[in-house]
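> Take the position in the sequence shown, starting the count at 1, then add 77; the result is the number in the numbering used here. Pasting in a structure now, in structure tokens, and then I'll have a few things to ask.
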Amino acid sequence: MSGKKIISLVLIVCFLLPPPAIWCQDSGAGPSGSGTTGLGGGTPTGPAASPAGPAAPGTSSGIGPTTPDLSSQAQFYLQKTSPTLGPPEIQKVTPPSGPETQPPPTAPTTPVTEQAPESTEEPIELEQRARIQGIALPLFGYNFFRRPPTSFLPVTQTPVGPDYLIGPGDTVRIVLWGSIQGEHAIVVDRNGQIAIPKIGVVQVSGLTFKQLREVLDREFARQYTNFQMNVTLDNLRTITIYVVGNARAPGSYSISSLSTLVNALFAAGGPSKKGSMRHIEVRRSGRTIVRFDLYDLLLRGDKTKDIRLMPEDVIFIPIAGDRVGIGGPVKIPAIYELKQERTLTDLIRLAGGLAATAFKSRVQMMRIQDRKEMVLVEDDLELFLDKRRPDIVLQGGDLVKIFPVPSQNIKMVRIGGAVQNPGEFGMRDGMRVSDLIVFAGGFILSSNLDEAEITRVTPTPEGPQTNRIYISLRKALAGKPKDNILLKPNDYLFVRTIPDWDLYKMVEVKGELKYPGAYTIRKGETLSSVLARAGGFSDKAFPQGAFFSRTAVKQQQAQHLRQAIDRMEADMIAAASVKTQAEMDPKEAQRSALVYQQQRQLITKLREIVPLGRVVIRLDDPERLRGTPWDLEMQEGDTLIVPQVQQTVNVMGSVINPTAIVYDPHLSVNDYIVRAGGTAKYADPKETFVIKANGSAVSRKSFKWFGAGWTGSEQAFHMGGIKSLRLGPGDSVIVPEDLERINWIKEIKDIATILGQIALMAGVVVAAAK
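Next comes the structure, spelled out in structure tokens:
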């Protein structure tokens with residue numbers, strides 16, 4: 078019988094699943110604000126605490142908070158004014174504002190900061206030499222400047238410290254309340270002075286912020302009494318500094334007056350690979366005021382020499398000094414610039430010390446000797462660490478390699494098999510079999526104590542020689558020297574299990590049995606034995622419709638189905654390839670694309686089918702079942718489901734009304750089809766088949782019009798064809814569709830095999846004509 082006629086209903090259902098939905102969502106974020114603090118004579122200060130009143134002439138009216146002009150709130154980021162090496166990275170910052178907060182001090186409106194552009198520098202000679210040796214060593218500290226975090230640069234919320242020096246361009250905001258009321262925002266002019274109405278001109282340039290508060294308080298006290306005053310700085314000035322020497326992007330920079338040396342280095346991209354990290358100078362008025370070692374910051378977090386910059390300061394980055402590299406298991410493998418470090422142990426301390434996996438008995442150094450040749454120095458590292466030998470003095474260009482501890486432990490024994498914790502164990506002197514068993518946690522229930530096997534490999538000039546030693550574990554634990562032998566490195570002890578050991582295997586019986594449930598089985602136990610233990614069938618049982626499934630059969634069905642679908646997919650691809658190479662008009666091409674899409678959908682749906690692993694059996698009472706071919710030997714995972722007595726016959730497939738019809742022993746296949754409304758338009762009635770309640774199938778080829786045929790349970794003489802077959806309760810009549818009308822299905826030679834496998838997964842066994 079053609080397999081494609083067995084379950085055509087699958088093709089009807091497999092295209093009904095909806096496509097997956099696609100979800101998307103949006104997210105957003107908003108800026109957060111911040112506030113500032115003010116000064117006053119022991120009372121709440123700031124604009125929010127000031128009473129309303131008229132403003133002094135020439136100043137803004139009102140003593141409340143003013144709405145900041147966002148266009149005038151320049152960022153505190155550094156401003157590079159020299160020619161750029163590439164397109165700048167623009168960062169836009171919106172200053173916070175609110176009805177109860179005063180805008181923090183900001184620089185005058187200037188273009189947004191540019192960071193040093195990303196560019197690739199050639200590796201230095203020591204980097205290249207390390208790569209040749211298989212060691213990737215970076216220049217220590219240089220990646221610190223490659224992608225600087227913006228939070229490290231001065232920002233709008235940075236408070237002005239008491240030591241901040243006032244200079245031309247700063248905006249001083251003065252808020253008064255009490256006996257006098259007013260608000261003044263005054264810019265320090267180029268002479269370093271501010272003109273305060275009714276007070277006069279006050280010299281403020283060069284004062285610290287703390288001194289400014291004291292000077293203004295004294296000046297106002299000459300004219301007024303019983304007042305409170307709050308002094309803040311609004312727009313801070315910018316200053317011009319110069320980064321020269323071996324910087325990554327040297328030039329002149331306009332920066333915030335709050336900026337420090339490290340801020341300026343970030344703007345210039347830090348030192349270039351030729352520049353020094355340890356001898357950076359800040360020059361002011363022709364003299365060097367500080368020498369900054371970036372290693373202090375990177376290794377110890379020391380910023381004491383990170384001074385605040387002044388106008389016209391020059392940052393000079395000289396050429397780097399001697400450099401050496403250290404690789405292998407150290408805390409921070411890298412190429413380091415030497416300063417005070419002169420010996421091998423100094424270099425190891427600079428690299429953070431040895432890692433836990435470092436091998437102390439070996440160190441290797443590659444050195445350029447007298448600028449003539451490359452030499453390789455080997456020595457015992459532990460001798461230098463313990464100061465038992467004079468330390469090695471470093472030279473520029475040295476490349477030091479530390480080695481890891483060997484990962485392979487030669488003093489090791491192994492145990493496997495029936496023990497609590499099989500695996501590898503470290504070996505000690507005098508270790509015996511009993512010791513290894515204790516280390517492994519002892520035996521398990523299935524351990525065979527009468528015989529175990531030790532595999533021993535002995536190196537010989539001809540090659541490794543493998544010997545096997547058989548011992549009794551029972552005697553070894555009793556201390557018998559012959560069995561409790563001394564172990565040697567790499568010995569392998571295998572503890573066997575008791576022959577045919579299996580604690581228990583489980584099967585499950587469900588449905589209309591007196592005592593359904595999960596039962597353990599012994600070796601060789603059969604189905605009739607399990608049924609007897611379950612008490613036999615209940616009064617409502619229908620053994621003819623029993624469903625028996627087996628894990629091994631399920632796996633076999635899945636494998637066969639997968640192979641058939643793979644062949645079918647290969648045929649589809651080959652056919653589509655042939656059509657692609659042929660010339661086609663647009664309509665034919667569109668039709669071919671649609672056909673191929675339908676084929677792919679069919680393949681996808683077929684791959685989603687999960688086998689059931691059903692085995693067709695003829696079930697009976699345990700006594701009558703015992704000794705028959707149907708009395709199967711039970712296996713782990715077997716499942717038997719016994720349903721209730723069935724009272725209907727299912728009519729499915731291409732009929733007018735697929736439904737279940739009450740069973741009548743006098744009705745034939747044709748009678749049930751008529752009661753379902755007859756066949757549909759695209760039905761193929763001549764290929765009608767029957768699936769019996771026990772899972773077997775009857776087709777027109779097995780049930781001929783005249784003569785002996787298969788009824789689903791026995792061979793019997795009959796006449797009239799399959800439509801005259803009398804059915805039993807629980808049987809199903811399947812009227813397939815005429816698949817021959819689908820042209821592309823006719824072209825797939827494996828379609829019959831595929832649908833036959835689907836029938837197997839439904840538990841159907843197709844009986845061939847006999």
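Heads up, the beta-carbon is just placed ideally off N, CA and C, and yes, glycines get one too. These figures come from a predicted structure and were not determined experimentally.
How is methionine 649 classed by DSSP in three states: helix, strand or coil?
It is helical.
> Report the residue ranges of all alpha helix (DSSP H) runs contained in full by the stretch 535-587; include only those spanning at least 4 residues, in chain order.
The qualifying runs are 550-554.
> Can you list, in chain order, the residues of its chain whose CB lies under 6 angstroms from that of isoleucine 630, leaving out five sequence neighbours each side?
Sequence check: residue 630 is valine here, not isoleucine. Closer than 6 angstroms at the Cβ level, and outside the excluded window around valine 630, lie Gly690, Val692.
> Grab the span of the beta strand (DSSP E) containing phenylalanine 369 for me, first residue to last.
364-369 is the span of the beta strand (DSSP E), which, as asked, contains phenylalanine 369.
> Within a Cβ cutoff of 7 angstroms, which residues of the same chain sit near aspartate 662, ignoring the five residues on either side of it in sequence?
Excluding residues within five positions, none has a Cβ falling inside 7 angstroms.
> So, for glutamate 501: in the same chain, excluding its five sequence neighbours on each side, which residues have a beta-carbon less than 7 angstroms away from its beta-carbon?
Counting only Cβ-Cβ distances below 7 angstroms, and skipping sequence neighbours, we find Met489, Arg491.
> Do isoleucine 243 and leucine 289 count as a contact pair if the criterion is CB distance below 8 angstroms?
Taking 8 angstroms as the Cβ cut-off, leucine 289 and isoleucine 243 qualify as a contacting pair.
> Using the Cβ count rule (16 or more neighbours within 10 Å means buried), how would you classify arginine 299?
Exposed, by the Cβ-count rule.
> Leaving out five residues before and five after threonine 603 in sequence, what residues of the same chain have Cβ atoms less than 8 angstroms from its Cβ?
Once the five neighbours on either side are set aside, the close Cβ partners of threonine 603 are Arg703, Asp708, Leu709, Glu710, Met711.
> Does leucine 94 pass the burial test, meaning 16 or more other C-beta atoms within 10 Å, or should it be called exposed?
Only weak support exists for where leucine 94 lies, its pLDDT of 35 falling under 50; the value from the coordinates is given anyway. Leucine 94 should be labelled exposed.
> Out of Gln634, Thr628, Ala411, Gln675, which has the shortest C-alpha to C-alpha gap to isoleucine 650?
When each option's Cα is compared against that of isoleucine 650, the closest is Gln675.
> In whole angstroms, give me the CA-to-CA distance for leucine 293 and leucine 374.
Leucine 293 and leucine 374: Cα-Cα distance of roughly 38 angstroms.
> Name the residue from Ser336, Pro813, Phe766, Val252 whose alpha carbon lies nearest to the alpha carbon of serine 801.
Ranking Ser336, Pro813, Phe766, Val252 by Cα distance to serine 801 puts Phe766 first.
> Since valine 407 contacts leucine 371 with CB under 8 angstroms, what's their CB separation in whole angstroms?
Going by Cβ atoms, the distance from valine 407 to leucine 371 rounds to 20 angstroms, so no, they are not a contact pair.
> Using the Cβ count rule (16 or more neighbours within 10 Å means buried), how would you classify valine 672?
Result: buried.
> Flag this pair as yes or no: are the beta carbons of tyrosine 418 and glycine 398 separated by less than 8 angstroms?
Residue identity differs from the one stated: residue 418 is glutamate in this sequence, not tyrosine. Contact: no.
> Would you check if the stretch 515-532 and the stretch 541-548 touch, i.e. whether three or more CB-CB distances between them fall below 8 angstroms?
Output reads yes: the stretch 515-532 touches the stretch 541-548.
> Starting from the Cα of tyrosine 219, find the closest Cα among Arg355, Ile392, Ser524, Leu476 and give me that residue.
Of the candidates Arg355, Ile392, Ser524, Leu476, the one whose C-alpha sits nearest the C-alpha of tyrosine 219 is Arg355.
> Quick one: Cα of glutamate 539 to Cα of alanine 595, how far?
If I take the Cα positions, the gap works out to 59 angstroms.
> Bridge partners for methionine 854 per DSSP, in chain order?
With the chain covering 78 to 847 only, the question about residue 854 has no answer from this structure.
> Given a threshold of 16 other Cβ atoms within 10 Å of its Cβ, counted over all protein chains shown, does threonine 309 qualify as buried or as exposed?
When all chains shown are included, threonine 309 counts as buried.
> Quick one: give me the first and last residue of the beta strand (DSSP E) that phenylalanine 502 is part of.
Start and end: 500-503.
> In chain order, which continuous runs of the beta strand (DSSP E) of length 3 or greater are located wholly inside the stretch 267-321?
Here the runs fully enclosed are 270-273, 277-280, 304-310.
> I need the boundaries of the alpha helix (DSSP H) containing tyrosine 673, first residue and last residue.
Segment 663-684, the alpha helix (DSSP H) holding tyrosine 673.
> What residue range is occupied by the uninterrupted beta strand (DSSP E) comprising asparagine 727?
Here the beta strand (DSSP E) through asparagine 727 covers 725-730.
> Between the Cα of lysine 617 and those of Glu291, Pro720, Pro483, Ser256, spot the shortest distance and give me the residue it belongs to.
Looking at the Cα atoms, Pro720 is the closest of the given residues.
> Since I believe valine 732 is in contact with threonine 756 (beta carbons under 8 angstroms), could you give me their beta-carbon distance rounded to a whole number of angstroms?
About 6 angstroms separates the two Cβ atoms, so the contact holds.
> What is the DSSP secondary structure of lysine 631, reduced to helix, strand or coil?
Helix, per DSSP.
> Quick one: using the 10 Å Cβ neighbour count with 16 as the cut-off for buried, is lysine 769 buried or exposed?
With 16 or more Cβ atoms within 10 Å of its Cβ, lysine 769 is classed as buried.
> Would you decide whether alanine 845 is buried or exposed? Buried here means 16 or more other CB atoms lie within 10 Å of its CB.
Because alanine 845 carries a pLDDT of 28, less than 50, the predicted location of this residue cannot be relied on, and no value is offered for it.
> Where does glutamate 191 sit, in a helix, a strand or coil, going by DSSP?
Here the model assigns glutamate 191 a pLDDT of 45, short of 50, so the residue's position is not dependable, and the following value carries that caveat. In this structure, glutamate 191 counts as coil in the three-state DSSP scheme.
> To which residues of the same chain is arginine 551 closer than 6 angstroms at the C-beta, ignoring the five residues directly before and after it?
Hits under 6 angstroms: Leu526.
> Buried or exposed, going by whether 16 or more other CB atoms sit within 10 Å of the CB of serine 524?
Buried, by the Cβ-count rule.
> Would you grab the beta carbon distance between valine 510 and leucine 564 for me? Rounded to a whole angstrom, and I think it's under 8 angstroms.
With a Cβ gap of about 7 angstroms, valine 510 and leucine 564 count as contacting.
> In three-state DSSP terms, what is alanine 326?
Three-state DSSP puts alanine 326 in coil, outside helix and strand.
> In whole angstroms, what is the alpha-carbon distance linking serine 329 and arginine 208?
Rounded to the nearest angstrom, the two C-alpha atoms are 36 angstroms apart.
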